[in-house]
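Have a look at the structure below before the remarks.
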Amino acid sequence: MTQIRDWPLYEIFIRACGGLDHKHVGSVHAADARMAIEHARDVYTRRLEGVSVWVVRSSDIAASDPAEADALFEPARDKIYRHPTFYDIPKEVETL
Amino acid sequence: MNAAPTDAVRGAAPGPLFEYLLRIGDTGLVLAQRLGEWVGHAPAIEEDLGLANTALDLLGQARMLLSYAAEIEGRSRTEDDLAFLREESEYRNATLAEMPNGDFGDTIARQFLLDAYQVPLYERLAGSRDTRLAAIAAKALKESRYHLRYSSGWLVRLGDGTEESHARAQAALERLWPYTGELFDADETDRQALADGIAPDPAELHADWSARVDVVLTEATLARPPESRYRWYGKRGRHSEHFGHLLAELQFLQRSHPGARW
Numbered sequence: 001m002t003q004i005r006d007w008p009l010y011e012i013f014i015r016a017c018g019g020l021d022h023k024h025v026g027s028v029h030a031a032d033a034r035m036a037i038e039h040a041r042d043v044y045t046r047r048l049e050g051v052s053v054w055v056v057r058s059s060d061i062a063a064s065d066p067a068e069a070d071a072l073f074e075p076a077r078d079k080i081y082r083h084p085t086f087y088d089i090p091k092e093v094e095t096l
Numbered sequence: 097m098n099a100a101p102t103d104a105v106r107g108a109a110p111g112p113l114f115e116y117l118l119r120i121g122d123t124g125l126v127l128a129q130r131l132g133e134w135v136g137h138a139p140a141i142e143e144d145l146g147l148a149n150t151a152l153d154l155l156g157q158a159r160m161l162l163s164y165a166a167e168i169e170g171r172s173r174t175e176d177d178l179a180f181l182r183e184e185s186e187y188r189n190a191t192l193a194e195m196p197n198g199d200f201g202d203t204i205a206r207q208f209l210l211d212a213y214q215v216p217l218y219e220r221l222a223g224s225r226d227t228r229l230a231a232i233a234a235k236a237l238k239e240s241r242y243h244l245r246y247s248s249g250w251l252v253r254l255g256d257g258t259e260e261s262h263a264r265a266q267a268a269l270e271r272l273w274p275y276t277g278e279l280f281d282a283d284e285t286d287r288q289a290l291a292d293g294i295a296p297d298p299a300e301l302h303a304d305w306s307a308r309v310d311v312v313l314t315e316a317t318l319a320r321p322p323e324s325r326y327r328w329y330g331k332r333g334r335h336s337e338h339f340g341h342l343l344a345e346l347q348f349l350q351r352s353h354p355g356a357r358w
């Protein structure tokens, strides 16, 4: 029999009122996705934090390995030319 | 709409609206008190919060209804006087709301039977001729729809779950079913409120409730218990033996420290 302690973990993503994207806010235990949405609603939207909820099984998330952080991210550090800061913006463009 | 009470009103019997407001307000108040007993004891922290959120919704509804009742009564009592300082026989909640929490299945069954009643009730009250009651009902309806979603979901999980959860849910349903008759059993207050255009027809409400309950019971593979002829009358102030204990806890603070505030 499934015990409550065996409930899988779900990661919770909430889109704030007026926000464009769902942001990770935390996690809940739940027996399935429907219950995870209800738990997320009860735990994370009590103070009107959101208008939309996504849930995903934590075990379904593939994550980068912190040990590989140097190899993955460090090479981007000295490539400042990738930032769009080397352009002269014409005066005529007012709201860029 | 709510002119200050005149001398003519003061001292007169408060009438069916007052009585009716107490019935639905007290049902929410008492059910909130029961749900509050779960805080710190629910099977998971997420459920702890879920039950507490529902309790707070119900308490908020009760506050609006009892405040209005106090104004209607016109004897300068407040929502707090009504909530904390009445005697047992002056409470008008449906007996079902005061039934003990039991196990989680009992709590869910009680919640489901009352949620399935409150949703169609508030749907109709939102069109009440009394505009203040209509506004309260419109707000409460959104909350009650979530409550019904929550309790229906759990009843289906328990009913259509393991052998043990099914047996417990069925037993809970059978224990609580006899208390549902009172919700729809029209008496003089209900008839007067209906005639005044304040409240819906209990018979119509029963048909709606019954249909909603049947859909969920079928999905939960639970059998609908037979109707009971016996009637409880918490809504007329005659309560079960459990009510005195509930009230002792509900009123303790105000009785021990009169006028205590945050």
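Quick note, the sequences are listed as chains A and B, same order. Letter by letter, the first sequence follows residues 1 to 96 of my numbering. Letter by letter, the second sequence follows residues 97 to 358 of my numbering. Think of the CB as a built atom: it goes at the ideal place given N, C-alpha and C, for glycine as much as any other residue.
Buried or exposed by the 16-neighbour rule on C-beta atoms within 10 Å, applied to residue 95 of chain A: Here residue 95 of chain A refers to the residue found at position 95 when the first sequence is read from its first residue. Answer is exposed; the Cβ neighbour count stays below 16.
Cutoff 8 Å: residue 38 of chain A Cβ touching any chain B Cβ: Here the question's residue 38 of chain A lines up with position 38 in the first sequence. Yes, its Cβ sits closer than 8 Å to a Cβ of chain B.
Beta-carbon proximity check, residue 195 of chain B vs residue 272 of chain B, cutoff 8 Å: For the purposes of this step, residue 195 of chain B is identified with residue 99 of the second sequence, where counting begins at 1. For the purposes of this step, residue 272 of chain B is identified with residue 176 of the second sequence, where counting begins at 1. Going by C-beta atoms, residue 195 of chain B is nearer than 8 Å to residue 272 of chain B.
Minimum C-alpha distance to residue 333 of chain B - residue among B/165, B/182, B/186: Locating residue 333 of chain B in the second sequence gives position 237, where the first residue counts as 1. Comparing Cα-Cα distances from residue 333 of chain B to each of B/165, B/182, B/186, the minimum goes to B/186.
Residue 85 of chain A CB to nearest heavy atom of the ligand FAD below 7 Å: Within the structure as shown, the ligand FAD is missing, as the structure has no ligands at all.
Residue closest to residue 212 of chain B, alpha-carbon to alpha-carbon, out of B/342, B/324, B/310, B/335: By one-based count along the second sequence, residue 212 of chain B stands at place 116. Cα-wise, what sits closest to residue 212 of chain B is B/310.
Beta carbon proximity, residue 34 of chain A to chain B, threshold 8 Å: Position 34 of the first sequence, counted from the start, is the residue given in the question as residue 34 of chain A. Chain B, which has a Cβ nearer than 8 Å to the Cβ of residue 34 of chain A, makes this yes.
Exposure of residue 80 of chain A, with buried meaning 16 or more beta-carbon neighbours within 10 Å: Position 80 of the first sequence, counted from the first residue, corresponds to residue 80 of chain A. Exposed, because fewer than 16 other Cβ atoms sit within 10 Å of the Cβ of residue 80 of chain A.
Contacts of residue 149 of chain B in chain A (Cβ-Cβ under 8 Å): On the second sequence, position 53 is the one that residue 149 of chain B refers to. Those are 42, 46, listed as they occur along chain A.
Contact under 8 Å by Cβ, residue 128 of chain B with residue 151 of chain B: Stepping through the second sequence from its first residue, residue 128 of chain B is reached at position 32. Stepping through the second sequence from its first residue, residue 151 of chain B is reached at position 55. For residue 128 of chain B and residue 151 of chain B, yes; Cβs fall inside 8 Å.
Chain-ordered neighbours of residue 24 of chain A on chain B, where CB pairs are closer than 8 Å: Counted from its first residue, the first sequence places residue 24 of chain A at position 24. Under the 8 Å cutoff, chain B gives no residues; its nearest Cβ is about 17 Å from residue 24 of chain A.
Beta carbon proximity, residue 28 of chain A to chain B, threshold 8 Å: By 1-based counting over the first sequence, the position of residue 28 of chain A is 28. It does; some Cβ of chain B falls within 8 Å.
Minimum Cβ-Cβ distance from residue 210 of chain B to chain A less than 8 Å: As a working mapping, residue 210 of chain B is identified with position 114 in the second sequence. Chain A contact via Cβ: absent.
Euclidean distance between Cα positions of residue 148 of chain B and residue 82 of chain A: Within the second sequence, residue 148 of chain B is the residue found at index 52, counting from 1. Within the first sequence, residue 82 of chain A is the residue found at index 82, counting from 1. Taking the Cα positions, residue 148 of chain B is about 51 Å away from residue 82 of chain A.
Bounding residues of the beta strand (DSSP E) (the contiguous stretch that carries residue 11 of chain A): Counted from its first residue, the first sequence places residue 11 of chain A at position 11. Looking at the DSSP string, the run of the beta strand (DSSP E) that includes residue 11 of chain A is 9-15.
C-beta atoms of residue 243 of chain B and residue 153 of chain B nearer than 8 Å: For the purposes of this step, residue 243 of chain B is identified with residue 147 of the second sequence, where counting begins at 1. For the purposes of this step, residue 153 of chain B is identified with residue 57 of the second sequence, where counting begins at 1. Yes.
Limits of the beta strand (DSSP E) - the one that residue 57 of chain A falls within: In the first sequence, counting from the first residue as 1, residue 57 of chain A sits at position 57. In the DSSP annotation of this structure, the continuous segment of the beta strand (DSSP E) that includes residue 57 of chain A starts and ends at 52-57.
Length-filtered (4 minimum) alpha helix (DSSP H) runs lying within the region 195-277 of chain B: Taking 4 residues as the shortest admissible run, the region 195-277 of chain B contains the following complete alpha helix (DSSP H) segments, listed from N- to C-terminal end: 200-221, 227-255, 259-272.
Closer than 8 Å to chain A by CB, residue 113 of chain B: Working through the second sequence from its first residue, we reach residue 113 of chain B at position 17. When Cβ-Cβ separations below 8 Å define contact, residue 113 of chain B makes no contact with chain A.
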